[in-house]
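Just below is one structure, and these are the notes that go with it.
Residue numbers (this note's numbering), protein chains in the order written: chain E, -6 to 441; chain Y, 3 to 257.
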């Protein structure tokens, strides 16, 4: 078949038709940005296993599939009842809901926002106040970050725009929820989020990607988080896509002087998942914590890439990713910390730990450090193992069932990351997600 | 009926036969010491009684309250009242002491068709036992044995024993790695547990702990067999002479 030969042609023609239908009326800078994304994607195409950054993940199933762009879907009346299981409205804070990539104002709740804080749809912001968006969009997650970021830039539809002005602390978390529904033809959505935390501000943002049906679709998300001097961002990403879905996500964090960021990546769903977190220290004294927990079963494939650029002196980063792999699933951790030449007094720690629950599960762990400065403290480590039989026996010898003992040890393994979760809504979902993978849910509720 | 009746027990670890016919009777209310040199099979005996995987009985029998102990799963042995204080307690980061112990207590109570304890009832029981072992409040919220000193781990074993109130407690080298003050605390905890309906088996290399936990019977285990049994005085004799005088029957008969 001719179309299988090069999927790029398909994307080029899709772009041409969307440009005619939608993009034509957009501001010139956005059209140029889209064009740069398309050009980049046309240049490089889909990555293959020969690319070092993609050695562990074959994206051919994504490249082969002909997706229907989700912009063609009408807001097909997803009821609030269908969204509720994925929603955080019962918790504190505001929530923006996107259905198949499109903002759903009726399903969203905005409340208790301090003056000057802007939270809403990026697409609407581009229409109403393009000048608030233009200086940031695409300046941090660049089109050459990876081919999927380029594709997202070409086709970006909607997502959250969050801006916290100087000195303002937002007390309650802001929740962004992307839900996908079943469609007979697999769809693709390109969510794009922009988080701006200006000087000395503080905000907590959660991003959730949830499949409402067990359908096949493709989510290709990009989030840019720009954290000003002395500002604080606590960011969570929860991935609960359908297990038939493809999910590729890029988070680009840009940190100015003395800013503090923590990012928690929690991944449970998806059939084929690739998650990139890139952080850039652009000022001295920045602090970054990256925590990840990925739990897979069946034939799930989850690839986590992190890249931390210590471009300025005296910044600290600590990173802990933990994988719980069952069935015939595969989990990858590929970490890279680059300490630039002038980044003296860098403090960086990177750890990956994997727990294999079945003999057919596979963990790849590739920690990495590139140090070009000479006065630094850097450490990395990686362990992969099974449940400790001695520990199981110890628990059994005190009267616990073998199943309860195993569940307890799995929860204990997860706990190091779970304890970092400070948002009640996230904590609740995490408990449910972990419990759904293991029996003895009652144990975990007390433990976690 | 004896609480524990071990008859001609033989067992192997891997391909190696370690126990070559151990016979031992322990009645409720008694404290027995099993002494022996390194490699004599003391710890194997303790682990066989607790059902540790990899320790395989290949002959003989063990009856506990008249039931076939070796046929029971490890968790059911615990629920029936058998307790092993580990020589090397396992560190389990992420599982809190209090939570773990409450799960254990309630697993045992469920098995016995007794109502489970809620957090308040559990704390009432635990508080007294903590004082007994000189453990403070913070101990309960720490992870199970995680980062504990050798002495703390052993105290935790005896604390667990005090909370679980077994009928048969086997202490596997509980004295190893303890300084004299810690040893006294642990021994005091064990002595408090002495009762008419409970038996305690102290497995040890050294006589020292027996100055504090005074046994009713002492058995000398050499090369997988009990070669001599006696009263407390046997432990003192061993202290003077060492184990050289107690060669295994097999070794003694070789040229």
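Glycine is no exception: its CB is placed at the ideal position from the N, C-alpha and C atoms.
Near residue 172 of chain Y, which residues of its chain fall below 6 Å by C-beta distance, leaving aside the five closest residues on each side in sequence? Position 170 of the second chain, counting from 1, holds the residue named residue 172 of chain Y. If we look at residue 172 of chain Y and ignore the five residues flanking it on each side, its Cβ neighbours are 48, 51, 86, 203.
How about residue 316 of chain E and residue 346 of chain E: are their beta carbons less than 9 Å apart? Along the first chain, one-based indexing puts residue 316 of chain E at 323. Along the first chain, one-based indexing puts residue 346 of chain E at 353. Against a cut-off of 9 Å, the Cβ pair of residue 346 of chain E and residue 316 of chain E comes out as a contact.
Show which residues of chain Y have a CB atom less than 7 Å away from the CB atom of residue 389 of chain E. Counted from its first residue, the first chain places residue 389 of chain E at position 396. The answer, in chain order, is 76, 77.
Uninterrupted alpha helix (DSSP H) stretches inside the stretch 354 to 439 of chain E (no shorter than 4 residues): 382 to 389, 395 to 411, 417 to 430
Near-chain E residues of the stretch 137 to 156 of chain Y - C-beta to any C-beta below 7 Å: none
Any beta carbon of chain Y sitting closer than 9 Å to that of residue 139 of chain E? Translated into the one-based positions of the first chain, residue 139 of chain E becomes position 146. No, its Cβ sits nowhere closer than 9 Å to a Cβ of chain Y.
Return the chain-ordered ranges of every alpha helix (DSSP H) run that is complete within the stretch -6 to 55 of chain E and spans a minimum of 4 residues. -5 to -2, 0 to 14, 21 to 37
With 9 Å set as the bound, which would you pick, yes or no: does the beta-carbon of residue 39 of chain Y sit closer than that to a beta-carbon of chain E? Within the second chain, the letter at position 37 stands for residue 39 of chain Y. With 9 Å as the cut-off, residue 39 of chain Y does not count as an interface residue toward chain E.
Give me whichever residues DSSP pairs with residue 153 of chain Y in a beta bridge. Indexing the second chain from 1 puts residue 153 of chain Y at position 151. In DSSP, residue 153 of chain Y forms no bridge with anything.
Of all Cβ atoms in chain E, is any one closer than 9 Å to the Cβ of residue 166 of chain Y? As a first step, residue 166 of chain Y is located in the second chain; it is residue number 164 there, counting from the start. Answer yes: the Cβ-Cβ gap between residue 166 of chain Y and chain E drops below 9 Å somewhere.
Contained alpha helix (DSSP H) runs [length at least 4] in the stretch 26 to 84 of chain Y, N- to C-terminal order: 44 to 52, 76 to 82
Buried or exposed: where does residue 98 of chain E fall if 16 or more other Cβ atoms within 10 Å of its Cβ makes it buried? Residue 98 of chain E sits at position 105 when you count from the first residue of the first chain. The residue in question, residue 98 of chain E, is exposed, as its Cβ has fewer than 16 Cβ neighbours within 10 Å.
The beta strand (DSSP E) spanning residue 95 of chain Y covers which residue range? In the second chain, counting from the first residue as 1, residue 95 of chain Y sits at position 93. Taken as a continuous stretch (DSSP letters only), the beta strand (DSSP E) holding residue 95 of chain Y covers 94 to 98.
Cα separation between residue 426 of chain E and residue 287 of chain E? Within the first chain, residue 426 of chain E is the residue found at index 433, counting from 1. Within the first chain, residue 287 of chain E is the residue found at index 294, counting from 1. In a straight line, the C-alpha of residue 426 of chain E is about 11 Å away from that of residue 287 of chain E.
Which residues, in chain order, does the stretch 46 to 59 of chain Y contribute to contact with chain E at a C-beta distance below 8 Å? 52, 53, 54, 55
Taking 9 Å as the threshold (beta carbon to beta carbon), is residue 402 of chain E in contact with chain Y? For the purposes of this step, residue 402 of chain E is identified with residue 409 of the first chain, where counting begins at 1. Yes, residue 402 of chain E lies at the interface with chain Y (some Cβ there is under 9 Å from its Cβ).
Does residue 161 of chain Y get closer than 9 Å to chain E when you measure Cβ to Cβ? Here residue 161 of chain Y is taken as the residue at index 159 of the second chain, counted from 1. So no, residue 161 of chain Y is outside the interface.
Please confirm whether residue 117 of chain Y has its beta-carbon closer than 9 Å to some beta-carbon of chain E. Walking along the second chain from the start, residue 117 of chain Y turns up at place 115. No - not a single Cβ of chain E is within 9 Å of the one on residue 117 of chain Y.
Identify whether residue 268 of chain E lies in helix, strand or coil by the three-state DSSP scheme. Here residue 268 of chain E refers to the residue found at position 275 when the first chain is read from its first residue. In this structure, residue 268 of chain E counts as strand in the three-state DSSP scheme.
Determine the closest residue to residue 381 of chain E out of Y/26, Y/55, Y/38, with distance taken between C-alpha atoms. What you label residue 381 of chain E is simply residue 388 of the first chain in a count that begins at 1. Of the candidates Y/26, Y/55, Y/38, the one whose C-alpha sits nearest the C-alpha of residue 381 of chain E is Y/55.
Residue 80 of chain Y: contacting residues in chain E (beta-carbon distance under 7 Å): Your numbering for residue 80 of chain Y matches position 78 in the second chain. Ordered by position in chain E, the residues that pass the 7 Å Cβ test against residue 80 of chain Y are 390, 391, 392.
Residue range of the alpha helix (DSSP H) that residue 242 of chain Y falls in? Residue numbering aside, residue 242 of chain Y sits at position 240 when the second chain is read from its first letter. Counting along the chain, the alpha helix (DSSP H) containing residue 242 of chain Y begins and ends at 234 to 243.
For residue 281 of chain E, which of helix, strand or coil comes out of DSSP? By one-based count along the first chain, residue 281 of chain E stands at place 288. Residue 281 of chain E falls in the strand class under three-state DSSP.
Buried or exposed: where does residue 105 of chain E fall if 16 or more other Cβ atoms within 10 Å of its Cβ makes it buried? On the first chain, residue 105 of chain E is found 112 positions in, with the first residue counted as 1. Classification of residue 105 of chain E: exposed, given that the 10 Å Cβ count is below 16.
Alpha carbon to alpha carbon, how far is residue 200 of chain E from residue 302 of chain E? Taking the first residue of the first chain as position 1, residue 200 of chain E is located at position 207. Taking the first residue of the first chain as position 1, residue 302 of chain E is located at position 309. Roughly 23 Å separates the two Cα atoms.
With the cut-off set at 9 Å, would you say residue 123 of chain Y and residue 132 of chain Y are in Cβ contact? Numbered from its first residue, the second chain carries residue 123 of chain Y at position 121. Numbered from its first residue, the second chain carries residue 132 of chain Y at position 130. Against a cut-off of 9 Å, the Cβ pair of residue 132 of chain Y and residue 123 of chain Y comes out as no contact.
Please report whether the beta-carbon of residue 257 of chain E lies at a distance below 9 Å from any beta-carbon of chain Y. What you label residue 257 of chain E is simply residue 264 of the first chain in a count that begins at 1. No, no contact with chain Y.
Would you please verify whether the beta carbon of residue 107 of chain Y is less than 9 Å from any beta carbon of chain E? Locating residue 107 of chain Y in the second chain gives position 105, where the first residue counts as 1. Chain E contact via Cβ: present.
Between Y/93, Y/181, Y/244, Y/27, which has its C-alpha nearest residue 68 of chain Y's C-alpha? As a working note, residue 68 of chain Y is residue 66 in the second chain. Comparing Cα positions, the closest option is Y/27.
What number of angstroms, rounded off, separates the C-alpha of residue 12 of chain E from the C-alpha of residue 300 of chain E? Stepping through the first chain from its first residue, residue 12 of chain E is reached at position 19. Stepping through the first chain from its first residue, residue 300 of chain E is reached at position 307. One C-alpha to the other measures close to 33 Å.
Looking only at its chain, what residues have a beta carbon closer than 7 Å to the beta carbon of residue 232 of chain Y, apart from the 5 residues adjacent to it on each side? Reading the second chain from its first residue, position 230 is the one you call residue 232 of chain Y. Counting only Cβ-Cβ distances below 7 Å, and skipping sequence neighbours, we find 220.
Is DSSP giving residue 82 of chain E helix, strand or coil here? Along the first chain, one-based indexing puts residue 82 of chain E at 89. DSSP places residue 82 of chain E in coil when its eight states are reduced to three.
Do residue 120 of chain E and residue 92 of chain E have their CB atoms nearer than 9 Å? For the purposes of this step, residue 120 of chain E is identified with residue 127 of the first chain, where counting begins at 1. For the purposes of this step, residue 92 of chain E is identified with residue 99 of the first chain, where counting begins at 1. Cβ atoms of residue 120 of chain E and residue 92 of chain E: not closer than 9 Å.
Taking only the alpha-carbon atoms, compute the straight-line gap between residue 378 of chain E and residue 103 of chain E and give it to the nearest angstrom. Numbered from its first residue, the first chain carries residue 378 of chain E at position 385. Numbered from its first residue, the first chain carries residue 103 of chain E at position 110. One C-alpha to the other measures close to 45 Å.
Identify, in the order they occur along the chain, each residue of the same chain with its Cβ nearer than 6 Å to the Cβ of residue 226 of chain Y, setting aside the five sequence neighbours on each side. Taking the second chain and counting its residues from 1, the one referred to as residue 226 of chain Y is at position 224. Hits under 6 Å: 20, 21, 22, 43.
Give a yes or no on whether the minimum CB-CB distance between residue 195 of chain E and chain Y is below 9 Å. Here residue 195 of chain E refers to the residue found at position 202 when the first chain is read from its first residue. No, because no Cβ of chain Y sits closer than 9 Å to the Cβ of residue 195 of chain E.
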